[in-house]
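Worksheet: one structure, shown below.
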Amino acid sequence: MAEARPVQQPAPPEEPDVRGTLFLTLIFLAMVFGFWIIVYLMLLNR
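Numbering follows UniProt numbering, with no gaps: position 22 of the sequence shown is 22.
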């Protein structure tokens, strides 16, 4: 049979790590734009 569990305090709402996610997103976007700039310059200099 299911036993009654002791009443627990609700967990505090977790704050999402927005700054870390934003930082990683900016790094990813910088890498993508850098890649496209390199490809563009390589095609220009062919």
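The C-beta atom is built at its ideal place from N, Cα and C for all residues, glycine as well.
Own chain partners of residue i with C-beta closer than 6 Å, once the 5 adjacent residues on each side are dropped
| i | result |
| --- | --- |
| I37 | none |
| L41 | none |
Residue i Cβ short of 7 Å to the ligand NAD heavy atom set
| i | result |
| --- | --- |
| L41 | Absent from the structure shown: the ligand NAD. Ligands present: none. |
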